[in-house]
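Note that this note's numbering numbers the sequence shown so that position 98 is 276, with each residue one more than the last.
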Amino acid sequence: MKTVIPITPASSLASLASAAPILGGPTLTGLRNPPPLSLYIHIPWCVRKCPYCDFNSHESPTTRGKGEIPEDAYVKALIADLEQAVPNIWGRKVRSIFFGGGTPSLFSAEAIDRILSAVRALVQLEYDAEITLEANPGTFEAERFAGFKAAGVNRLSLGIQSFNEQHLKALGRIHDATEARNAAAHAIEIFGNVNLDLMYALPEQTLQQALTDIETAIGLKPTHISAYHLTLEPNTAFHHSPPPLPDDDASAEMQEAIEDLLANNGYEHYETSAFAKKGKRSRHNLNYWLFGDYLGIGAGAHSKLSFHDHILRQSRTKHPNAYLKGVAENTHIDTERTLTSDDLGFEFMMNALRLTDGFHVDQFSATTGKPLLSIEPALKAAESKGLIVRTPTQIAPTMLGQRFLNELLQMFLVD
């Protein structure tokens, strides 16, 4: 049986991109039009920090007995953050919005409504924009979910992770299996368009247990399922004290069986960890994968913004209290850098090669301002190793390239 190396999550790949050498190459030129634009809104609090989580999330003050989440102050800060960022996206339409965290469903429906009302007032939102909110089964209330929909949220992403009590406890989740099923069923009834987040290769998990989780999810009939391989990320409790995990061969068997099961039930495998019913792919995430632009507001949020002569990456101050203070003083931009010409091949491929169908050859120059010929040596090397396949119009990872995505992406880094 072949061994599968766990694929680095997008968040970690972004960190790898940030750590890639900047060689002082020329900034990009020749970008005719900016790519599609999305808006990411980060709400950093959660009830409890999970031991595998490396996202910018912070336990709610309520959890620690130190008061309530400063919801009103944070909403005001988000709106002020957006107001200050508008000049960078002036005149451009926003195609999708994503509330991530943390656990955005900790916020009231009224708070989400205030944020979305401000967005509509400040930017040009496409009339059929996809608006997604992440939620946790442990924070589920039917009335609250209905309020999110009334505010304008039209897609929910529910962090199930597992329907198995043993694995939920091992992952430090605050919900149980019954709550997971009930929240998923109600979310699907209220929104229709729902993603269920699941994980596999969990502590002491068997192949059958992994498949049972997916079968349970399929039975609920969501439009989208995300199945992530559990990885031990730096600066997490699991990294410092690793639990007993399935070995590489067992994980590979789970991955292949999950992909087959989902395909046989009408879910298209369109991205490394994403499976969707026809016409229900995540438009927000697709914009990331196709090297579109995104403005990120909120504590620790990242942005990638294109201009006619350069591409800018930014990150906001990470800690919620520092972010609140920073927005008030207009000092909340923590890091900012312009991508060099040498960065762009890796930056583009880091995203586009996560798509199982790959990308149209014109997409590279349309979003980087560089000719595809500039990465021809790396493309030839990847093709010779059987990691990508090329046609006159399309470039896509092979099955081998999908399985060893990290190694494939490294080929596009400039030494």
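Note that CB positions come from ideal geometry on N, CA and C, so glycine has one too.
Given a cut-off of 9 Å on the beta-carbon distance, is the pair residue i and residue j in contact?
i           : j           : result
residue 337 : residue 391 : no
residue 232 : residue 450 : no
residue 556 : residue 582 : no
residue 310 : residue 276 : yes
residue 439 : residue 514 : no
residue 504 : residue 493 : no
residue 304 : residue 331 : no
residue 387 : residue 342 : yes
residue 368 : residue 282 : no
residue 573 : residue 539 : yes
residue 209 : residue 547 : yes
residue 279 : residue 223 : yes
What is the DSSP secondary structure of residue i, reduced to helix, strand or coil?
i           : result
residue 568 : strand
residue 474 : strand
residue 584 : helix
residue 244 : coil
residue 456 : coil
residue 352 : coil
residue 484 : strand
residue 510 : coil
residue 495 : coil
residue 202 : Because the pLDDT of residue 202 is 35, which lies under 50, any placement of that residue in the model is unreliable, and the number read from its coordinates should be weighed accordingly. Coil, per DSSP.
residue 301 : coil
residue 465 : helix
residue 188 : Confidence is the limiting factor: at residue 188 the pLDDT is only 41, short of 50, which leaves the residue's position unreliable, though a coordinate-based value still follows. Residue 188: helix per DSSP, three-state reduction.
residue 372 : strand
Assuming residue i contacts residue j (C-beta within less than 8 Å), just tell me the rounded distance between them.
i           : j           : result
residue 398 : residue 362 : 5 Å
residue 522 : residue 560 : Actually they are not in contact, since the Cβ atoms of residue 522 and residue 560 sit about 16 Å apart, beyond 8 Å.
residue 469 : residue 526 : 5 Å
Taking the DSSP output, what are the residues bridged to residue i?
i           : result
residue 310 : 276, 333
residue 574 : 567
residue 447 : 453
residue 172 : The question about residue 172 has no answer, for the chain in this structure spans 179 to 593.
residue 501 : BP columns for residue 501 are empty, so no partner.
residue 344 : Paired residue(s): none; residue 344 is not in a bridge.
residue 237 : 224
residue 378 : 407
On the three-pair Cβ rule with 8 Å, is the segment 255-270 touching the segment 292-309? The segment 255-270 is in contact with the segment 292-309.
Are at least three pairs of beta-carbons, each pair with one atom in the segment 277-293 and one in the segment 318-326, less than 8 Å apart? Cβ pair count under 8 Å is three or more, so yes.
For the structure I just gave you, are there three or more beta carbon pairs, one from the segment 457-471 and one from the segment 401-408, closer than 8 Å? At 8 Å Cβ cutoff, the stretches touch.
Segment contact flag, the segment 461-480 with the segment 420-427, C-beta cutoff 8 Å, min 3 pairs: Taking one beta carbon from each stretch, the segment 461-480 and the segment 420-427 have fewer than 3 pairs nearer than 8 Å; the two do not touch.
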